[in-house]
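K.L.:
Numbering (this note's numbering), first residue to last: 60 to 1298. The beta carbon of each residue, even a glycine, is placed where N, CA and C say it ideally should be.
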Amino acid sequence: MSACRWISQFKLPPEHPDFYPVAVACFQDTIAHRTLVLVAGTEGIVSISAADQNLTSTSGDPFPCTLVYQGLVEALKGTESVVLALTQEGQLLVLDLSCDQFIPIVGYSGEGKIRHVEQGVSSGQLLVVRQTEAGKRTVLDVVESDNTPPHSFRLLETYDLALELVDSETRVIVKAVTVEPANQRFLIDFLDFSEFVDGQCVILASANNKFYWLQHQDKSNVELNVVHCFASNVMDFEFSAIKPCSLLVLLDAGVLMVFRDSFQSESESSYFTASICLQSPPVETHAFDTVHNSLLYSNGFGMFRLWYSQEENAEEITPRYEEIAVYGVVAIALIANQSKALVMTENNQLYLYDVTPWQRNATYDPARLVKLGKNMQRATRRLTRRLTEEVEFDGRLEEAIGNEEAKFNVLALYRNRRMFGQLATMETSFHSVMPPRPSGTLMLSDGSKDDPVALFACVKFSLDQECFELLAKQRRWSICLSYQLRTMVYPIHETFSKEGVFNAIVMLGKGQLNRGLPVFRAQIASAVQHGRDSALLTFTQQIPTGKCYITVDETAPFAIPEHTRWNQRTAAVEEIIRSNREGRQEKLSVLAKHRVAYGILNESSKEMAFRIIGELATHSLHTWYALDEPVNIDWPTRDAPIRLSSYHPVALDFVKRFLLKADETSTEVALQRDKLKKVLLNLNALRLDGRFCDVEIRASGTTVHAHRAVLSASSAYFEAMFRPELGLSEGKQRSVTLHSIRADILQLLIGFIYTGQIEIEQVTASNVQELLAAADMLQVPEVVDGCCEYLCRELHSSNALGILRFAEAHNCRQLAEVASNFVYSNFPKVALEDELLDVPYALLVKVISSEALRVDSEHQVFNAALRWIRHDVVPRRQYVFEILSHVRIALVPVSLIDQAIGECRDVSLKIALRSVRKDLTSRRGQLVPLRVCPRVCAKKSIYVIGGSRREQSAGWTPTDWIFESVIKYDIFAREWTESAPMEIGRILPGVAALGGKIYVIGGERGSQILANGEVYDTQNNNWEPMAPMNVPRCEFGLCTLGGTLYAMGGWIGEDIGGSIECYDPMRNAWRMVGDLPEPKFSMGVVSFEGLIYIVGGCNTHSRYLTDLISYNPVTNEWTKLARMQTARCQMGVAILDRHLYVVGGNSSQQEVLRTVERYSFDENKWSMVSPMTVRRSSPAVAAADGLLYVAGGDQPCEINFYRAQITITSFECYDPIADQWKVCPDLPTSRSEAGAVVV
């Protein structure tokens, strides 16, 4: 373990007790011969001055500490010559060493908000990234200092950065690298640019998940070249010039990407790539130590060091980790030209960490390492600091804090809660009798005969189904259940039910309940991960329900001050301070807290109180404890109610529930609800009769009488209007007019304020938006939430954009998020609606620039953009280049652009489109970016699954040449790769994609027809079994519709099948739903707009059919449609651009076909298109990116005078706009009778 020394001389000024650190920096003042440590916090920046870089003090006195800036600071940056601070408002400040104060920089005043600052190639040069005031441009300024304190800066150059998705949340980082002989070859290969010369400045940048380098075009213009696109956003990057040179990229997902010189010869690739998954993510703060090939980082709780060094000629990097015994780290900064780093914790403790590799002599003081959780509040920090200053550090502190941790999990580390926080729930209930025991429930007990069972605790822990299946399959995850000082560990795959639920009943003895109810904690952890235990997520029980055990203490252990803040963490602090301050008169700083009370006038409850305490004396005051919180019980007279009072409302509720029986509790709640309802109804009756009303609300000529007190109690708007101290004129008027609300809407809202309800038939699609807007204005949140739920249920492709605009206008974030996700997921349909034509420019850009768009082809985005422009072409044509810059124009076929140019009637727009086409074909990218990376959610890969192989040069048997393998074609990279194979090989299976997974069902293996199936997870690249069909099938039809799978017909053995069955993926079960009009097999089956279409195939009367029929699963109706022009079977089918394509197959003349015909769903009409380049039957067919892909198949061949079907490797695609077929890269091996699907 490396050395880490606590800087005891660092003390904050006493006038800033609430200072909370966020950043730290170190600067060597060569003029005054001193070392400055600057700490930025929530209230400003403080500076300490030391004589040397080791931060030692010969006198032992605290370092001078002064406040050098007051205000909110976002970042602190120390360069070789200056110290810079970036405020929350985006202002850049520099430290003036003459007065030790931060001042605005002189000589440079960039317009807008500064987002990032970095040192340039020289010590006096800065790279400043700023957002213009209009917010539409991101600009890089290169400024230079005169190196004369106080520093004055001058602007050298300014470049426009055409970054994607740059908004207020985007992290933009820019750094400069000087080309040298040691790194020239690496930069040339890594950036794919051969013209770098020695001494040239290369600027690297990152934004969102992309990494760029800036290529100079002229003095004021640069071109952003995308070097890498990562799966996660870039948090930071660093270039190391130390041989071998390397580039380090830290991703938000907790992954460090290392691009490093590969030690290879000049003729080979000069760099290699490695990705390292960090232990204990996420990364809250970090520092690159490129000198020692390491990364220092903290997750807000623990601090770690990753070593990524690589031996020469080694093929890969072997990471090593070191855990540093400093906790609650919020900032790390390396000291320039020294092997040391400053480490700042959230309780304002400063450490000096020696980064020299593998120092074993630790010099830190364990007693000083007070562990703090990331979510602790300022009050806890103040108490912790007070504890640090007043209490001797001995074993009692650690023991007391440890006991509180065991019970309340104050320091539980939610390591991945951003990802997993919504995937699990924990429920705890307590019962006086043995509760029902679900199947598989664990019974837990200490087994002590001397401590009889007094209470049963039920613990239920539920995991999301997909998350559970993943963890169970890895078979290394366990659930750790702990309470008090007990911990039990059980494997997830053995103790959870198949629904992902863990149930346990814990039998608690009286001795365990001496201090109240235990608090249960459940933790999902891996037994072995990187050689150590690692927690995935932690849950602490919520407030328990049901009958509770309450401890009674007639003599309080010590007095509770009237306004003392009392919580789980400070329980240990209070006990330690109380036991250590004998003879001291100091008092803890306290926070005011309201006392809550409750009265019970229930005779049976009084009798229960008698039995527990023995006898309640009149006017006696007793203290009970629930959840370690005091509850005072006062009974003034025999006939008076029992009065409960406490500072802790939950503890008060526990005592109340304990005194009331279960049925009495529900009765009391019902009585209180009925009483409250009766009061509201009476008030509403008074309002309707006009009695005691003191205000009139007018809207659209209608007057509504009301009571000011009632309106103010339910609406913050009315409460502010009627408060006399605000002096508003409406507060003195008898009549108030609301001009922006309709009369019927006002009556609905006033009625809700009085009755708490609005009849569902009173809310309609025509008035819900006005009702929400009015409720938002009057600040009635319950109505706002109800209207948002209504609009979420009514989302449709025809109204989603309008609801999104409305939600954003009224700051309904949840509704806006739901509407946005709907638009992104259903964009191909939304883009065809007229609502798109009226959206504002900003919203259109937001939608079409999103990576979340689920599109089949980028030309769908291109068409949507052109529809919007053409709708009002004169004012909108000015945005053509800005809008098309958000379209992946390089992925749009040139023929489609030519078609758009031919259909364009506006001369200016036609010229602009021609310029874009020329820019695209010349590959210059000067008008719009030529991004070839598809959207994250766009369909990108074609999977070809199973099938058979028969070749002329090889003998063939049914089993030996049946494929288990799965190959994947990337339509943008134009290359084939292998995916995980199936468990068993299949020919002629049913294949379909549903919910991001691929289902492969049935088929034939040898002479056996299969009913079983497998499910492929494209994210994890693994297969899992699924429930088998009721009927084994091959050469059958399989399609998806409404979130389910439909299997129909097929060859079922010695006969042709005609049954239809449906699969529910949530229940993992099949059910029979009907029959075909006649049995069929070897047909094509697809689904489109709620109907299932069946084309061609074979039946009992004919081997080759021209039939096309549709099936409505809701009404169970069949409809005959136009027939194909050519009878065929064993063909491939797919849907593309509202057409059904039928490809190849066998015809009635027993020939293998090249012909392709398509059916128009809109016209109910068939037409022929250009034939394929080769004949094929049983091909794999799929549609993606506006093209029709056909892979493999078989065709006839003469072998020794015998006619046989031979499989082929041919792969081609059809462009419907050009009506042409293009040859694509061949399959790795010939294949036929396979399935194909696009994901």
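Between which residues of its own chain and Asp1278 is the CB-CB distance below 8 Å, once the five residues before and five after are set aside?
P.N.:
Within the same chain, Asp1278 has close Cβ partners Val1228 and Ser1229.
K.L.:
Mind pulling the beta strand (DSSP E) runs of 3 or more residues that sit fully within the stretch 118-158?
P.N.:
For the stretch 118-158, whole beta strand (DSSP E) runs of length 3 or above, ordered along the chain, are 124-129, 132-137, 142-146 and 151-155.
K.L.:
Just tell me which of Ser321, Asn284, Ala264 and His351 has its CA closest to the CA of Val308.
P.N.:
The candidate whose alpha carbon is nearest that of Val308 is Ala264.
K.L.:
With DSSP as the reference, label Val898 as helix, strand or coil.
P.N.:
Of the three classes helix, strand and coil, the one that applies to Val898 here is coil, per DSSP.
K.L.:
According to DSSP, simplified to helix, strand and coil, what is Leu470?
P.N.:
Unreliable placement is indicated for Leu470, whose pLDDT of 27 sits below 50; no coordinate value is reported for it.
K.L.:
Find out if the Cβ-Cβ distance for the pair Pro80, Met403 is shorter than 8 Å.
P.N.:
Going by C-beta atoms, Pro80 is nearer than 8 Å to Met403.
K.L.:
Taking the alpha carbon of Gln274 as the point to measure from, which residue in Asn267, Ala868 and Asn284 has its own alpha carbon closest?
P.N.:
It is Asn284.
K.L.:
Would you please state the rounded distance, in angstroms, between the beta carbons of Val1154 and Leu1199? I believe it to be under 8 Å.
P.N.:
That pair is a contact at about 7 Å.
K.L.:
Is Asp803 helix, strand or coil by DSSP?
P.N.:
Note: Asp803 maps to helix in three-state DSSP.
K.L.:
Residues bridged to Phe69 by DSSP?
P.N.:
Answer by DSSP bridge pairing: none, since Phe69 is not bridged.
K.L.:
Name the DSSP bridge partner or partners of Gln274?
P.N.:
Answer is Glu282, bridged to Gln274.
K.L.:
Given a cut-off of 8 Å, decide if Lys172 and Gly137 are closer than it, judged by their beta-carbon atoms.
P.N.:
No, the Cβ-Cβ distance between Gly137 and Lys172 is not below 8 Å.
K.L.:
Pull up the distance between the alpha-carbon of Thr1232 and that of Ser1024, whole angstroms please.
P.N.:
Roughly 26 Å between the two C-alpha positions.
K.L.:
Please state if the CB of Val843 and the CB of Leu831 are separated by a distance shorter than 8 Å.
P.N.:
Their beta carbons are under 8 Å apart, which means Leu831 touches Val843 by this criterion.
K.L.:
When you compare the stretch 1099-1111 with the stretch 1044-1064, are there three or more beta-carbon pairs, one atom per stretch, that lie closer than 8 Å?
P.N.:
Touching, per the Cβ criterion.
K.L.:
Between the stretch 970-981 and the stretch 888-907, can you find at least three pairs of beta-carbon atoms closer than 8 Å?
P.N.:
With the cut-off at 8 Å, the stretch 888-907 and the stretch 970-981 do not touch.
K.L.:
Taking the straight line between their C-alpha atoms, what separation do you get for Ser1289 and Ala1250?
P.N.:
Approximately 9 Å, taken between the alpha carbons.
K.L.:
Just to confirm the assignment, what range does the beta strand (DSSP E) spanning Gln184 have?
P.N.:
From DSSP, the beta strand (DSSP E) with Gln184 extends over Gln184 to Gln190.
K.L.:
On the criterion of 16 or more Cβ atoms from any shown chain inside 10 Å, does Met1085 qualify as buried, or is it exposed?
P.N.:
Buried, because 16 or more other Cβ atoms sit within 10 Å of the Cβ of Met1085.
K.L.:
Taking 8 Å as the threshold (C-beta atoms), are Leu154 and Val165 in contact?
P.N.:
Contact flag unset, no.
K.L.:
Return helix, strand or coil for Pro163, following the three-state DSSP convention.
P.N.:
Note: Pro163 maps to strand in three-state DSSP.
K.L.:
Return the chain-ordered ranges of every alpha helix (DSSP H) run that is complete within the stretch 480-542 and spans a minimum of 4 residues.
P.N.:
With a minimum length of 4 residues, the continuous alpha helix (DSSP H) runs that stay inside the stretch 480-542 are 524-533.
K.L.:
Pick out whichever of Val906, Val822, Ala901 and Gly1006 has its Cα sitting closest to the Cα of Ala859.
P.N.:
For the residues Val906, Val822, Ala901 and Gly1006, the minimum Cα distance to Ala859 belongs to Val906.
K.L.:
Along the chain, where does the beta strand (DSSP E) containing Ile262 start, and where does it finish?
P.N.:
Looking at the DSSP string, the run of the beta strand (DSSP E) that includes Ile262 is Cys260 to Ala266.
K.L.:
May I ask you to list the residues that DSSP assigns as paired with Trp694?
P.N.:
None; Trp694 has no bridge partner.
K.L.:
Please state the DSSP three-state secondary structure of Ser1038.
P.N.:
Looking at Ser1038 - three-state DSSP - the assignment turns out to be strand.
K.L.:
Short of 6 Å in beta carbon distance, which residues of its chain neighbour Ala1070, apart from the five on each side in sequence? Order them along the chain.
P.N.:
Contacts found: Pro1087, Met1088 and Pro1091.
K.L.:
Would the stretch 764-784 count as touching the stretch 820-830 if we require 3 or more Cβ pairs under 8 Å?
P.N.:
Touching, no, given that fewer than three Cβ pairs across the two stretches are closer than 8 Å.
K.L.:
Helix, strand or coil: how does DSSP classify Ser648 here?
P.N.:
For Ser648, the predicted model reports a pLDDT of 33, less than 50, meaning its position is unreliable and no value from the coordinates is stated.
K.L.:
Taking only runs of the beta strand (DSSP E) that begin and end inside the stretch 948-993, which ones reach a length of at least 3 residues, in chain order?
P.N.:
Runs found: none.
K.L.:
CB-CB under 6 Å to Ala563, same chain, minus the five flanking residues each way: which ones, in chain order?
P.N.:
Only Leu501, Leu503 and Val518 meet the Cβ criterion.
K.L.:
Since Ala241 is in the alpha helix (DSSP H), which residue starts that stretch and which ends it?
P.N.:
Ala241 -> alpha helix (DSSP H) spans Pro240 to Leu250.
K.L.:
Grab me the residues of Val898's own chain with a C-beta within less than 6 Å of its C-beta, minus the 5 sequence neighbours each way, in chain order.
P.N.:
Within the same chain, Val898 has close Cβ partners Leu860.
K.L.:
Using only the alpha-carbon positions, how far apart do Pro1255 and Ala924 sit?
P.N.:
Going by the C-alpha atoms only, they are around 47 Å apart.
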